[in-house]
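A quick write-up on the structure given underneath.
Number of protein chains: 2
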Amino acid sequence: MMKISNVDRLIEKTREMAINFELKPGSRVNESALSKELGASRTPLREALNRLVAEGFLTFQTGKGFFCRPLDPKRIMDLYESRVAIEVEAIRLACKRATDAELEVFGKYLDATEPEYLSKMDVSDAVHVDEGFHLYITRLSHNDELLRMLENLNGRIRFVRSVNLKSIHDTDRSHHAQTRLSAHRRIFDALLTRDADLAGDTMRSHIERRWEEATEAVQKAYAQIYVPDDMQKEMT
Amino acid sequence: MMKISNVDRLIEKTREMAINFELKPGSRVNESALSKELGASRTPLREALNRLVAEGFLTFQTGKGFFCRPLDPKRIMDLYESRVAIEVEAIRLACKRATDAELEVFGKYLDATEPEYLSKMDVSDAVHVDEGFHLYITRLSHNDELLRMLENLNGRIRFVRSVNLKSIHDTDRSHHAQTRLSAHRRIFDALLTRDADLAGDTMRSHIERRWEEATEAVQKAYAQIYVPDDMQKEMT
DNA sequence: GAATTTAGAACTGTATACAATTCTGAATGC
DNA sequence: GCATTCAGAATTGTATACAGTTCTAAATTC
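If you read the sequences in order, they're chains A and B. If you're matching positions, the first sequence starts at 1 in my numbering and goes up one per residue. If you're matching positions, the second sequence starts at 237 in my numbering and goes up one per residue.
What follows is the structure, given as structure tokens:
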């Protein structure tokens with residue numbers, strides 16, 4: 001029974017807060033307040049915050065402390081492009097390395113998750129299934145470093161995926177769910193052929209399409225969050 | 237004048253020690269001893285160590301502390317494959333995004349560094365020039381996240397590059413230097429055509445060739461470090 | 001009224017203390 | 001011999017204290 005460290009608990013809690021904007025983007029993290037809230041002292045909390053700086057969720061300024069990093073459109077683009085980099089190479093490697101047995105198990109995994117994805121369409125579950133598909137393929141590359149990077153990227157764009165799926169949820173949900181699933185099936189089929197170029201291209205265009213979709217959804221969401229300047233004055 | 241934080245200084249010092257195997261791979265980092273050596277107390281040192289865990293240089297075990305992560309052949313392969321992922325996508329983006337002016341400046345940079353590379357062939361300088369070439373291209377992608385990931389990968393494989401260049405240094409140095417430079421030129425030429433597929437393929441095969449070269453050098457180096465079992469017994 | 005100064009509050013940066021855990025090697029039993 | 005036990009040493013985990021810095025907003029100046 002591997003005991004989990006307290007600092008790890010703080011990292012996960014705080015990462016979750018950063019992802020869900022419970023820490024306001026761009027604003028300072030109050031160490032005393034947060035440490036009290038999470039039931040620890042500042043020493044282990046600062047250790048956790050330092051890890052999140054290295055993971056890219058927070059920034060640090062000497063003498064000022066830790067700040068929640070904002071997710072502007074440029075950074076979202078950078079992160080999606082990074083996903084393309086990682087996942088295209090991952091599926092190329094998977095074409096070479098995944099065993100037939102692994103591919104068969106992957107097929108069964110898809111069969112099992114598809115009905116789930118279509119029925120109980122809770123947004124955070126859907127995000128989880130979507131991330132799971134991409135992580136699975138990256139695992140088939142048998143490359144721990146690519147997997148680690150993708151896990152980090154997934155965390156950093158989770159909010160974007162959520163906003164995207166939420167906006168779909170409000171409009172024509174089951175149609176979009178079908179579209180997504182068939183896109184995933186196409187990627188799986190490409191992987192089965194073990195043609196690295198084909199599989200890579202399929203993955204690339206899938207992620208690029210998702211990015212366009214997400215950008216649109218995020219712009220709509222920002223329009224709701226950011227109140228124009230002249231309206232803000234009236235709110236003081 | 238941006239003041240640099242003490243923790244940042246500790247991070248850099250300790251990272252350097254991890255890269256140069258001044259911390260023995262696989263062994264525990266003694267916090268009190270190291271903090272004394274670096275002129276700080278354990279609190280800021282542990283913050284630095286936590287960042288290096290997130291960067292992949294160290295591992296952490298509850299109750300046991302921080303350990304310097306060993307660089308076995310499998311991990312070296314994973315890291316080189318990750319470089320392929322990042323750099324192939326980076327040069328593809330650079331084909332789209334680099335301005336003509338940027339490419340011209342890059343050309344001049346190559347003209348300037350080449351004679352340097354051929355003459356004063358200090359190993360650590362050569363590693364620096366080599367890293368610089370690859371970082372430069374990745375910068376032309378205008379993607380901060382890819383750049384950040386490559387900086388991390390460069391640090392993690394710096395030892396491998398060193399061992400590789402050192403082994404060359406001992407044999408036919410100037411011939412290898414020429415080979416390297418012309419490989420870099422070929423990549424630059426491919427970038428100038430702005431053909432993403434061509435540039436990507438050129439980059440991929442360059443890195444893969446370097447990996448094969450490095451693997452060989454590392455195996456030789458390990459053969460010198462790791463004494464066979466039956467000889468170790470006699471040393472107790 | 002706008003810019004500037006300034007005192008005090010709030011917060012960060014780090015050393016240190018001490019409890020809790022792990023490690024080490026000598027003593028013990030088989 | 002070889003495994004086991006166990007006490008003391010070494011080391012980690014974290015709370016806390018306090019110095020130093022930054023922030024805030026009231027007072028002051030123009």
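Glycine included, every Cβ here is placed at the ideal spot set by N, Cα and C.
Handout entry: Test item: CB-CB of E350(B) and D361(B) under 9 Å
Key = For the purposes of this step, residue 350(B) is taken as residue 114 along the second sequence, with counting starting at 1. For the purposes of this step, residue 361(B) is taken as residue 125 along the second sequence, with counting starting at 1. No, the pair does not count as a contact, with Cβ atoms beyond the cut-off.
Handout entry: Interface residues of chain B facing R51(A) [CB-CB closer than 7 Å]
Key = For the purposes of this step, residue 51(A) is identified with residue 51 of the first sequence, where counting begins at 1. What R51(A) touches in chain B: N286, R287, V289, A290.
Problem - Three-state class that DSSP yields for F369(B) in the structure shown - result: Taking the first residue of the second sequence as 1, we reach residue 369(B) at position 133. F369(B) falls in the helix class under three-state DSSP.
Exercise for the section: Taking only beta-carbon positions, decide if N379(B) is within less than 9 Å of chain A. Expected result: To locate residue 379(B), count along the second sequence from 1; it is residue 143. Output row for N379(B): interface = yes.
Practice task
Out of A432(B), R392(B), R445(B), state which residue places its alpha-carbon closest to the alpha-carbon of T415(B).
Solution key: By 1-based counting over the second sequence, the position of residue 415(B) is 179. When each option's Cα is compared against that of T415(B), the closest is R445(B).
Problem - Interface partners of D72(A) on chain B, CB under 9 Å - result: As a working mapping, residue 72(A) is identified with position 72 in the first sequence. Those do not exist, as D72(A) stays about 11 Å from chain B at its closest Cβ, beyond 9 Å.
Exercise for the section: Measuring only between beta-carbons, confirm whether A214(A) sits less than 9 Å from chain B. Expected result: Here the question's residue 214(A) lines up with position 214 in the first sequence. With 9 Å as the cut-off, A214(A) does not count as an interface residue toward chain B.
Handout entry: Endpoints, alpha helix (DSSP H) assigned at G343(B)
Key = As a first step, residue 343(B) is located in the second sequence; it is residue number 107 there, counting from the start. Unbroken alpha helix (DSSP H) run through G343(B): 336-354.
Handout entry: Coil, strand or helix - T138(A) by DSSP
Key = As a working note, residue 138(A) is residue 138 in the first sequence. It is helical.
Handout entry: Cβ of E317(B) within 9 Å of any chain A Cβ
Key = On the second sequence, residue 317(B) is found 81 positions in, with the first residue counted as 1. For E317(B), the answer is yes, since a Cβ of chain A falls inside 9 Å of its Cβ.
Practice task
Would you list, in sequence order, the uninterrupted alpha helix (DSSP H) runs of no fewer than 4 residues that lie entirely inside the stretch 149-227 of chain A?
Solution key: 173-193, 196-225
Practice task
Under 9 Å between beta-carbons, which chain A residues line up against S241(B)? List them in chain order, please.
Solution key: On the second sequence, residue 241(B) is found 5 positions in, with the first residue counted as 1. Those are F60, Q61, T62, G63, listed as they occur along chain A.
Practice task
Out of P25(A), L165(A), I4(A), H134(A), state which residue places its alpha-carbon closest to the alpha-carbon of C68(A).
Solution key: If you number the first sequence from 1, residue 68(A) lands on position 68. Minimum Cα distance to C68(A) is reached at P25(A).
Exercise for the section: Could you please tell me which residues of the stretch 126-152 of chain A, in chain order, have their CB closer than 7 Å to any CB of chain B? Expected result: N143, D144, E145, L146, M149
Exercise for the section: Count the other C-beta atoms from every protein chain shown that fall within 10 angstroms of the C-beta of D230(A), then say buried if there are 16 or more, exposed otherwise. Expected result: One-based indexing of the first sequence puts residue 230(A) at position 230. Reliability fails at D230(A), whose pLDDT of 38 lies under 50, so the model's placement of it is uncertain and no value is given.
Exercise for the section: Using beta-carbon positions only, say whether L386(B) and A459(B) come within less than 9 Å of one another. Expected result: Here residue 386(B) refers to the residue found at position 150 when the second sequence is read from its first residue. Here residue 459(B) refers to the residue found at position 223 when the second sequence is read from its first residue. No, they are not a contact pair.
Practice task
Return the chain-ordered list of same chain residues with a C-beta closer than 7 Å to the C-beta of K166(A), the five sequence neighbours on each side being excluded.
Solution key: Against the first sequence, residue 166(A) aligns to sequence position 166. Excluding positions up to five away in sequence, the list reads V123.
Exercise for the section: Since I believe L294(B) is in contact with F302(B) (beta carbons under 8 Å), could you give me their beta-carbon distance rounded to a whole number of angstroms? Expected result: The residue you call residue 302(B) lines up with position 66 of the second sequence. The residue you call residue 294(B) lines up with position 58 of the second sequence. Indeed they touch by this definition, with Cβ atoms about 5 Å apart.
Problem - According to DSSP, residues forming a beta bridge with T295(B) - result: If you number the second sequence from 1, residue 295(B) lands on position 59. Its beta-bridge partners are F303(B).
Exercise for the section: Pull up the distance between the alpha-carbon of R97(A) and that of A40(A), whole angstroms please. Expected result: Counting from 1 along the first sequence, the entry for residue 97(A) is found at position 97. Counting from 1 along the first sequence, the entry for residue 40(A) is found at position 40. For R97(A) and A40(A), the distance between alpha carbons rounds to 45 Å.
Handout entry: For K310(B), the first and last residue of its enclosing alpha helix (DSSP H)
Key = Sequence index remark: in the second sequence, residue 310(B) carries index 74 (1-based). First-last of the alpha helix (DSSP H) with K310(B): 309-333.
Exercise for the section: Compute the distance between the beta-carbons of R204(A) and V84(A), then report whether it is under 9 Å. Expected result: Looking up residue 204(A) in the first sequence gives position 204. Looking up residue 84(A) in the first sequence gives position 84. Taking 9 Å as the Cβ cut-off, R204(A) and V84(A) qualify as a contacting pair.
Handout entry: Residue-level contact to chain B via CB, R158(A), 9 Å cutoff
Key = As a first step, residue 158(A) must be located in the first sequence, where it is residue number 158. No - not a single Cβ of chain B is within 9 Å of the one on R158(A).
Practice task
From the DSSP output, read off the bridge partner residues of R9(A).
Solution key: Here residue 9(A) refers to the residue found at position 9 of the first sequence. DSSP output for R9(A) lists no bridge partner at all.
Problem - Closer than 9 Å to chain B by CB, V88(A) - result: The residue you call residue 88(A) lines up with position 88 of the first sequence. Chain B contact via Cβ: present.
Exercise for the section: Name the two residues that bound the continuous alpha helix (DSSP H) containing L34(A). Expected result: Against the first sequence, residue 34(A) aligns to sequence position 34. From DSSP, the alpha helix (DSSP H) with L34(A) extends over 31-37.
Practice task
Count the other CB atoms, across all protein chains shown, that sit within 10 Å of the CB of S268(B); report buried if there are 16 or more and exposed otherwise.
Solution key: The residue given as residue 268(B) occupies position 32 in the second sequence. S268(B) comes out exposed.
Handout entry: Within chain B, the residues that L118(A) reaches when beta carbons sit closer than 7 Å
Key = Within the first sequence, the letter at position 118 stands for residue 118(A). Under the 7 Å cutoff, chain B gives no residues; its nearest Cβ is about 32 Å from L118(A).
Handout entry: Span separating the alpha-carbon of I255(B) from that of R392(B)
Key = Along the second sequence, one-based indexing puts residue 255(B) at 19. Along the second sequence, one-based indexing puts residue 392(B) at 156. In a straight line, the C-alpha of I255(B) is about 7 Å away from that of R392(B).
Problem - Where I4(A) falls, given that 16 or more other Cβ within 10 Å makes a residue buried - result: Here residue 4(A) corresponds to residue number 4 of the first sequence, with the count starting at 1. Under this definition I4(A) is an exposed residue.
Handout entry: chain A contact residues for T279(B), given Cβ-Cβ distances below 7 Å
Key = Taking the second sequence and counting its residues from 1, one reaches residue 279(B) at position 43. Within chain A, the residues near T279(B) are T43.
Handout entry: Inter-residue spacing [alpha-carbon to alpha-carbon] between R384(B) and R251(B)
Key = Against the second sequence, residue 384(B) aligns to sequence position 148. Against the second sequence, residue 251(B) aligns to sequence position 15. Those two C-alpha atoms are separated by around 16 Å.
Handout entry: Cutoff 7 Å; reference H197(A); Cβ partners in own chain excluding five residues on either side
Key = Residue numbering aside, residue 197(A) sits at position 197 when the first sequence is read from its first letter. The sequence as given places Asp at residue 197(A); His does not occur at that position. Nothing listed; no residue qualifies.
Practice task
Name, please, each residue of chain A whose Cβ falls closer than 7 Å to the Cβ of V232(B).
Solution key: Outside the displayed range of chain B (237 to 472) lies residue 232(B), so it cannot be described from this structure.
Exercise for the section: Would you kindly work out how many angstroms separate the C-alpha atoms of D431(B) and I322(B), rounded to a whole number? Expected result: Locating residue 431(B) in the second sequence gives position 195, where the first residue counts as 1. Locating residue 322(B) in the second sequence gives position 86, where the first residue counts as 1. Taking the straight line from one Cα to the other gives about 17 Å.
Handout entry: Spatially closest choice to N6(A) from S27(A), D111(A), R46(A), by CA coordinates
Key = Taking the first sequence and counting its residues from 1, the one referred to as residue 6(A) is at position 6. Cα-wise, what sits closest to N6(A) is R46(A).
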